[in-house]
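Visitor: Going by this note's numbering, the first residue of the sequence shown is number 2, and it counts up by one from there. All residues carry an ideal CB built from backbone N, CA and C; glycine is no exception. Structure incoming, see below.
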Amino acid sequence: TSPLALPTRSKKVALGTNPITLAAPANHGDNFCLDMATTTVALGKIELSDRKGVPIPRGWAADAAGKVS
Numbered sequence: 002t003s004p005l006a007l008p009t010r011s012k013k014v015a016l017g018t019n020p021i022t023l024a025a026p027a028n029h030g031d032n033f034c035l036d037m038a039t040t041t042v043a044l045g046k047i048e049l050s051d052r053k054g055v056p057i058p059r060g061w062a063a064d065a066a067g068k069v070s
């Protein structure tokens, strides 16, 4: 996807919001499954808050200068 997320300590967006998923068999019938986001929160939650006029929690976004808002 297009860059929308800031890497740690960055002031410039460089990462997309692609999820990372990995699954692998393990011993004794147990399986390993990892399903994670590459952002603090899903973009849809920010868009929903915007539509509702509700402020988002600090740390969910950054301003144009890269300062956490």
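Which word fits Thr-40, buried or exposed, when buried means at least 16 other C-beta atoms lie within 10 angstroms of its C-beta?
Guide: Position 39 of the sequence shown, counting from 1, holds the residue named residue 40. Buried, because 16 or more other Cβ atoms sit within 10 Å of the Cβ of Thr-40.
Visitor: Does Asp-36 come out as helix, strand or coil in the three-state DSSP assignment?
Guide: The residue labelled residue 36 in the question sits at position 35 within the sequence shown. Here Asp-36 sits in strand by DSSP.
Visitor: When the Cα atoms are used, what is the spatial distance from Val-14 to Lys-46?
Guide: On the sequence shown, position 13 is the one that residue 14 refers to. On the sequence shown, position 45 is the one that residue 46 refers to. Their Cα atoms are separated by approximately 19 Å.
Visitor: Bridge partners for Thr-22 per DSSP, in chain order?
Guide: Stepping through the sequence shown from its first residue, residue 22 is reached at position 21. BP columns for Thr-22 point to Asp-36.
Visitor: Please classify Leu-16: does DSSP put it in a helix, a strand, or coil?
Guide: As a first step, residue 16 is located in the sequence shown; it is residue number 15 there, counting from the start. If DSSP states are grouped into helix, strand and coil, Leu-16 belongs with the strands.
Visitor: Would you grab the beta carbon distance between Leu-7 and Thr-22 for me? Rounded to a whole angstrom, and I think it's under 8 Å.
Guide: The sequence position of residue 7 within the sequence shown is 6, counting from 1. The sequence position of residue 22 within the sequence shown is 21, counting from 1. Incorrect: roughly 22 Å between the Cβ atoms, too far for contact.
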